[in-house]
Amino acid sequence: MATAAPSRLTASEFRKIDLQSPSDLAYLQAQTQRAAREKIDAAFPPSAAPTDGEDDGMRRRVEELVQAFVEKTWEGVRWNVTCNGVDMDAENSKEATDEFEPLDVKLAEKIRTLEVEKERLTLKVTGLRRDAPAKAAENVKARWTAEEESFEAALDGAREKDGEEGVELDVGGFKRWDEVQAAYGQSIDALVRLRTELTESVAKLQRARGVAAYVEEQRLRS
């Protein structure tokens, strides 16, 4: 008993993909282009691009080959797609091709350079956020400690000087009144200077606290 040979389906018997509008086709093309760009960026990351302005010839060649492959693929796909039941003829195909923007190699190279610069600046800002508050606090603490030690030393010297002059006053009586009066005036001048230095130190401390508070506020906001 003879068996019938299996029939072959012709191209006209395959069901075409039906889209609602040509914009759907343009959207699919854009998605394909985006996926191709992500694959290229994964294989040739922007951070590995030359920083001296030289062109990355290997990546540019890969982009050209991928672009040609994508265009050739969609050129064949359009003949198997319909929009609301209407075939995508040569005129519609040309219109869809005009909506698909080709890859700009120079623009892509500029974008990669900007990405490298952005990554460098991001790392720099991250380092400043991590180290700047601690360094500022250490500088303020060191300056405050030095000024406090200077103030204490000057105050101790004034006290010792006042004590020595007091002993001389008790021993000498009123015979050396001019010297005692001069020493008293010097002590008053020393106290005035100390008060001025103390006021300046307090003002510096307040400014330092303001700076530290501002730095901490910026750190919390970021």
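Residues in the sequence shown are numbered from 37 upward in steps of one, following the working numbering.
C-beta atoms are modelled at their ideal positions from N, C-alpha and C, and glycine is treated no differently.
Considering only C-alpha positions, which residue in the set the options is nearest to residue i?
| i | options | result |
| --- | --- | --- |
| Asp-60 | Asn-120, Ile-76, Lys-75 and Ala-79 | Asn-120 |
| Glu-155 | Pro-82, Glu-215 and Ala-78 | Pro-82 |
| Ser-223 | Lys-75, Phe-50, Glu-236 and Leu-191 | Leu-191 |
| Glu-252 | Thr-235, Lys-240, Arg-97 and Lys-171 | Lys-171 |
| Glu-184 | Gln-242, Gln-103 and Ser-237 | Ser-237 |
| Val-228 | Gln-56, Arg-165 and Phe-187 | Phe-187 |
| Asp-140 | Thr-109, Val-102 and Gly-112 | Val-102 |
| Ala-182 | Leu-143, Lys-197, Glu-153 and Lys-240 | Lys-240 |
| Trp-110 | Glu-74, Ala-62, Glu-100 and Leu-143 | Ala-62 |
| Pro-260 | Tyr-250, Glu-74 and Val-113 | Since the displayed the chain opens at 37 and closes at 258, residue 260 lies outside it and no answer follows. |
How is residue i classed by DSSP in three states: helix, strand or coil?
| i | result |
| --- | --- |
| Asp-54 | strand |
| Asp-123 | strand |
| Ala-239 | helix |
| Gly-209 | Caution is warranted here: a pLDDT of 48 is assigned to Gly-209, below 50, making its placement in the model unreliable, and the coordinate value is therefore given only provisionally. The answer is helix: DSSP assigns Gly-209 an H, G or I state. |
For residue i, does the count of other Cβ atoms within 10 angstroms reach 16, so buried, or fall short, so exposed?
| i | result |
| --- | --- |
| Gln-17 | The structure shown does not extend to residue 17, since the chain spans only 37 to 258, so no value can be given for it. |
| Arg-95 | buried |
| Gln-65 | buried |
| Trp-115 | exposed |
What is the C-beta distance between residue i and residue j, in whole angstroms, given that I count them as a contact (C-beta under 8 Å)?
| i | j | result |
| --- | --- | --- |
| Lys-52 | Val-117 | 6 Å |
| Ala-219 | Ala-173 | About 42 Å; that fails the 8 Å criterion. |
Within the same chain, show all residues whose beta-carbon is closer than 8 Å to that of residue i, passing over the 5 residues directly before and after it, in chain order.
| i | result |
| --- | --- |
| Ala-244 | Val-176, Arg-179 and Trp-180 |
| Val-98 | Ile-76, Ala-79 and Phe-80 |
| Phe-50 | Asn-116 |
| Lys-108 | none |
| Gln-56 | Cys-119 and Asn-120 |
Excluding the 5 residues preceding and the 5 following residue i in the sequence, name in chain order all residues of the same chain whose CB lies nearer than 6 Å to its CB.
| i | result |
| --- | --- |
| Ala-194 | Ala-226 |
| Asp-54 | Thr-118 |
| Glu-151 | Pro-82 |
Excluding the five sequence neighbours on either side, which residues of its own chain have a C-beta within less than 7 Å of the C-beta of residue i, listed in chain order?
| i | result |
| --- | --- |
| Val-106 | Thr-68, Gln-69 and Ala-72 |
| Gly-246 | none |
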